[in-house]
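What follows is a single structure, written as structure tokens, with notes after it.
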Amino acid sequence: TYKEMTMGMWTPKTSGAINIYNTSYSRITNFNQIIYLITNSQAIPDGEKEAYLCQVRAARAMRYMELVDCYGNVPLVTDFKDVSKPETKTRAEVYAWVLSELNDIKDKIRADVTPASYGKFTKGAVYFMLAKMYLNAMVWNPAGGPKWQECIDACDVIMSLPYSLEPDWKSQFSANNENSKEQILSAVNSISYPFPARGYTLHYLDPKALGLPGSANNGICAQADYVKSFDPDDKRYLGSFLIGPMIDPSTGQVIITAHGRPLIHTVDITIKYAIDADGWGQVEQEDGARCNKWEYKKGVTAMENDCAIYRLADVYLMKAECLVRLGIDNEEATRLVNELRKRAFTDPSKLKTSVTLEDIRMERRFELAWENWGRQDLIRFGKFLDPIPVWRPNPLPEYRLLFPIPQTAIDANPKLKQNPGY
């Protein structure tokens with residue numbers, strides 16, 4: 002799956018390409034059921050129903066926004082009692098529905114930024130989704146034209162709410178980060194329901210060096226050219242990537258892997274063995290920078306860090322991007338970018354005097370590493386189809402901008418239409 006996803010070889014049966022579809026519709030079914038139950042409940046006073054319904058409608062809209070982003074043309078199911086097989090709706094139709102839903106609830110949903118609203122959908126989260134809808138309008142609904150000013154307006158609403166950037170960039174990713182003022186919508190994790198980043202990227206023996214019980218999966222690592230694009234003086238460099246020798250705290254020596262090699266995470270990934278026709282093959286298991294963004298708390302068996310799904314830094318970058326795209330107020334766009342760079346660098350000479358779209362694209366890559374915005378950003382900036390050094394020497398065809406509808410979904414519902422090219 003990893004090779005298929007990186008090379009752009011995914012098919013309607015590739016798990017990495019279809020998991021979002023399957024998970025989203027599973028959740029949408031649940032949300033439709035909850036909406037039905039709340040609407041028809043005799044136990045909930047009518048005056049209280051809207052507050053609950055806005056929460057669920059926002060969660061459902063988020064899932065449909067992901068489907069618009071990744072698959073484009075998908076069925077639109079909103080009635081839990083309707084068990085007929087749905088037909089495919091166009092990307093523009095689903096986009097319009099999501100926009101309508103968000104605009105309908107944006108000023109009805111709870112607006113507080115308090116411990117009581119933490120982890121819940123709020124006015125800030127809904128306006129964040131609106132900002133993303135407008136930011137990506139030229140990709141998701143090009144016939145409707147650009148919506149840069151609308152995105153700015155949504156960002157301004159969020160920035161008027163009591164969120165604030167954390168002075169210490171790393172603090173918002175700490176093990177106990179639930180008090181961060183930068184988080185707009187967070188996935189609330191605990192030891193019982195942990196954040197899975199540890200297992201995804203760490204080498205089997207990294208936990209020993211980090212003072213963690215148990216092992217890890219030695220999963221994905223960062224692409225070398227991406228890691229090298231960071232300024233070494235940027236606090237987000239080592240704050241995002243685990244690089245270098247992993248030391249056994251009991252001996253003070255570099256840990257030795259089961260293959261008899263020192264456990265040193267290099268930035269470069271060198272293909273050495275069993276090279277296939279695509280240039281892929283086996284690498285040393287310790288190669289590659291691993292995720293170091295969320296604190297690994299010593300002595301605990303799982304990660305209880307909350308994960309910010311939406312955060313204020315992204316809002317700053319969205320507004321800055323739209324200002325530059327409109328060709329207005331570069332001074333304000335530069336200020337917004339520099340607010341992030343001030344906490345990333347100790348050297349004031351690293352601040353920008355003006356910003357271009359390329360500056361903002363790269364700043365998003367530095368600020369939002371591992372936060373799942375990469376594909377969407379690459380598409381919006383026209384970079385997604387480009388070759389990837391070492392891994393993918395040729396550009397991708399345009400149809401790869403959308404993932405395929407899962408074959409299992411089409412087999413179960415012949416009314417669905419596969420995306421072109423698949």
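Note that my numbering numbers the sequence shown so that position 203 is 204, with each residue one more than the last.
Glycine is no exception: its CB is placed at the ideal position from the N, C-alpha and C atoms.
Count the C-beta pairs between the stretch 210–219 and the stretch 299–308 that are closer than 8 Å, then say yes if the count reaches three, no if not. yes
Using CA atoms only, rank isn't needed, just tell me which of Ala93, Thr271 and Tyr238 is closest to Arg342. Tyr238
Assuming Phe129 contacts Leu186 under a Cβ cut-off of 8 Å, what Cβ separation, rounded to an integer in Å, is found between them? 7 Å
Exposed or buried, which one is Gly289 when buried takes at least 16 other CB atoms within 10 Å? buried
Decide if Val30 is buried, meaning its Cβ has at least 16 other Cβ atoms within 10 Å, or exposed. Reading the sequence as shown, one finds Thr at residue 30 and not Val. Its Cβ having fewer than 16 others within 10 Å, Thr30 is exposed.
Sort Ala314, Leu386, Glu296 and Ser251 by Cα distance to Pro195 and report the nearest one. Glu296
Who does Thr89 pair with in a DSSP beta bridge? Pro76
Reducing DSSP to helix, strand and coil, say where Val131 ends up. Rather than Val, the amino acid found at residue 131 in this sequence is Leu. Leu131: helix per DSSP, three-state reduction.
Is Val338 closer than 9 Å to Leu318 when the C-beta atoms are compared? yes
How is the alpha helix (DSSP H) around Ser241 delimited, first residue to last? Lys236 to Ser241
Candidates Lys229, Asp232, Ala225 and Met247: closest to Pro208 by CA position: Met247
Contact the stretch 171–184 vs the stretch 321–331: 3+ CB pairs below 8 Å: no
Through-space distance from Asp105 to Ala117, alpha-carbon basis: 23 Å
Neighbour-count burial assignment, Ile153, 16 or more Cβ in a 10 Å radius: buried
With burial defined as no fewer than 16 other Cβ atoms inside 10 Å of the residue's Cβ, what is the status of Gly253: buried or exposed? exposed
Give a yes or no on whether the C-beta atoms belonging to Leu1 and Phe385 are separated by under 9 Å. Because residue 1 is not part of the residues shown, which for the chain are 2 to 423, the question remains open.
Those runs of the beta strand (DSSP E) which lie wholly inside the stretch 137–224 and span at least 3 residues: 184–188
With C-beta atoms as the reference, is Lys109 less than 9 Å away from Cys156? no
How big is the Cα-Cα spacing for Gly125 and Gln408? 37 Å
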